[in-house]
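In my numbering, the protein residues as written are 13 to 288. Below is one structure, written out as structure tokens, with a few remarks after it.
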Ligand SMILES: [Zn+2]
């Protein structure tokens, strides 16, 4: 079988021109600040740790990921390490895509070694990127969790909130996970009401982004303010207020997140309207 048909590599499946992303305890191992390793690095590592997970083809090179066991020690293997989040801040998002996908696959693989239905071991699916229970045949595919992220606007003003989570220093768009049975537009309405107590309408889908911390799909929207007074719960959201292009807080970068891109698009739209 051609190894591209399998999403789980063994050492003998390697062609030799693959690039490898190495994870250990949730961090990415770096060499000369670079996260892609030539496949010969695997010769220095214990073969018992396979399989490698196929990440995909990026810039015409096949990339695989390997999660080193927790008790691996770094002797004779001089490397630096960084969290996937840190790498996102250092690299443009396009370059980061491979690490993001690898991070999601590693997390999925690690958390599905046993069947959620019966508790037996799982094994790699023969053809699909999936794990199959050895006892009851339940099949586990990598799961993506859809979230909405929304820039609420009122004329030339836009709403940003500062989260309590992680003592965030910057303000951003409102966001939240979709609940079972919701459409994304319903999630937008519910999240905005829950987080800041206002009604919105004219909800427009703008763009999306895979957000691999650990496995969100961010669906980005604009929405218009409709009614109500801002009222934050103080638990999830520390502060929320209307900003304008003359009054900008510390914000997420458009090079990194869809939140930053939504804000940039809105500001660009204001400029274009003014110059038209
Ligand atoms: Zn099972």
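We put the beta carbon where it would ideally sit given N, CA and C, even for glycine.
Determine the direct distance from the alpha carbon of residue j to that of residue i, and round the result to whole angstroms.
i: residue 64; j: residue 84; result: 16 Å
i: residue 18; j: residue 156; result: 21 Å
i: residue 86; j: residue 43; result: 13 Å
i: residue 166; j: residue 28; result: 56 Å
i: residue 214; j: residue 163; result: 12 Å
i: residue 242; j: residue 260; result: 18 Å
i: residue 148; j: residue 130; result: 7 Å
i: residue 194; j: residue 158; result: 11 Å
i: residue 24; j: residue 141; result: 19 Å
i: residue 285; j: residue 22; result: 57 Å
i: residue 127; j: residue 135; result: 10 Å
i: residue 232; j: residue 151; result: 31 Å
i: residue 180; j: residue 249; result: 10 Å
i: residue 188; j: residue 203; result: 6 Å
i: residue 183; j: residue 93; result: 29 Å
i: residue 211; j: residue 77; result: 44 Å
Could you tell me if the beta carbon of residue i falls within a distance shorter than 7 Å of some heavy atom in ligand 1?
i: residue 123; result: no
i: residue 136; result: no
i: residue 132; result: yes
i: residue 250; result: no
i: residue 129; result: yes
i: residue 147; result: yes
i: residue 150; result: yes
Chain C beta carbons: is any one of them nearer than 8 Å to that of residue i?
i: residue 259; result: No chain C appears in the structure shown, which is made up of a single protein chain.
Less than 8 Å between the CB atoms is what I'm expecting for residue i and residue j, so what's the real figure, rounded?
i: residue 108; j: residue 117; result: Going by Cβ atoms, the distance from residue 108 to residue 117 rounds to 15 Å, so no, they are not a contact pair.
i: residue 103; j: residue 37; result: About 21 Å; that fails the 8 Å criterion.
Any idea if residue i is buried or exposed, counting beta-carbon neighbours within 10 angstroms, 16 or more meaning buried?
i: residue 269; result: buried
i: residue 112; result: buried
i: residue 192; result: exposed
i: residue 207; result: buried
i: residue 170; result: buried
i: residue 199; result: buried
i: residue 31; result: buried
i: residue 153; result: exposed
i: residue 280; result: exposed
i: residue 247; result: exposed
Which residue or residues does DSSP assign as beta-bridge partners of residue i?
i: residue 79; result: 35
i: residue 184; result: 173
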